[in-house]
Every structure is written in C-alpha cells, then in structure tokens.
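When we follow our numbering, the leftmost residue of the sequence shown carries the number 7, and every step to the right adds one. Every residue, glycine too, gets a C-beta built ideally from N, C-alpha and C. Below is one structure, written out as structure tokens, with a few remarks after it.
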Amino acid sequence: MKYASIMLTDLKLISPRCYTAKLIDGRKIRIPVSQLAGIDKDYKFGSYYWVASWLVRKEGIQPRKQCVFDDSMKRRKAQTITQVIKPFPVAPVESNVINSLKR
C-alpha cells in the first residue's frame with residue numbers, strides 16, 4: 007500500500023479505531039488506525055507520520071514524500087527506479103565506402 011509522509015502537530019487516539027490529527031495549517035482530520043503506518047524516522051525535527059496516500063489526496067494535503075509499505079509487517083519495500091534510454095535515430099547512408107581510404 008502507498009503511504010505519504012505528512013507533518014502533524016498533534017495526534018490523539020479518540021477510539022480504538024480512529025485518530026484525530028491536527029495539521030500544520032490548523033485543520034483537523036480523522037485517520038483510521040489501519041491507515042497510519044507509524045512515525046517517519048528520516049526527519050529529526052518535527053513529527054512526520056506515514057499516512058495512506060488515498061487519505062492524503064482526499065484531504066488535499068501536500069505530502070513530503072511517498073513510498074510503498076508491506077502491509078503485513080509495516081516495513082518499507084525496496085524501491086527500484088527503471089530508466090529507459092532511447093537512442094536518437096540516425097539517418098541511414100547509401101554507401102559505407104570512404105573514398106579517402108580506398109586503395
């Protein structure tokens with residue numbers, strides 16, 4: 007499942023199934039417990055949390071970064087980047103004979 011890292015100023019458990027979170031801009035949102043993967047430990051300052059990306063898009067929040075987690079273990083999956091390089095097309099020549107090298 008895709009998760010996005012967002013900064014929250016406050017996160018409280020209001021029921022066994024739901025958190026209430028306060029964003030930096032003052033808005034309050036509700037996050038289901040199943041849609042919160044945990045704390046983003048890449049940042050030393052601020053409280054960044056991994057929240058399901060569908061919820062981030064729905065609420066109109068600008069995510070800091072995104073990644074894919076393994077649902078069973080709540081660990082990040084290894085990400086691979088595939089880059090495809092297409093060569094520029096070269097016009098064919100009529101003859102490969104070089105006159106200056108001809109005997």
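Residue range of the beta strand (DSSP E) that includes residue i
{"i": "S21", "result": "K8 to S21"}
{"i": "K34", "result": "K34 to P38"}
{"i": "A43", "result": "L42 to I45"}
Cβ-based burial, residue i [other Cβ within 10 Å; buried from 16]
{"i": "W56", "result": "buried"}
{"i": "I37", "result": "buried"}
{"i": "S40", "result": "exposed"}
For residue i, three-class secondary structure by DSSP
{"i": "Q89", "result": "coil"}
{"i": "K28", "result": "strand"}
Whole-angstrom C-beta distance between residue j and residue i, which should lie under 8 Å
{"i": "L29", "j": "I67", "result": "7 Å"}
{"i": "A27", "j": "L17", "result": "5 Å"}
Residue range of the alpha helix (DSSP H) that includes residue i
{"i": "V62", "result": "S59 to E65"}
* To do: Flag this pair as touching only if the segment 64-76 and the segment 7-24 have three or more C-beta atom pairs under 8 Å; answer yes or no.
  => yes
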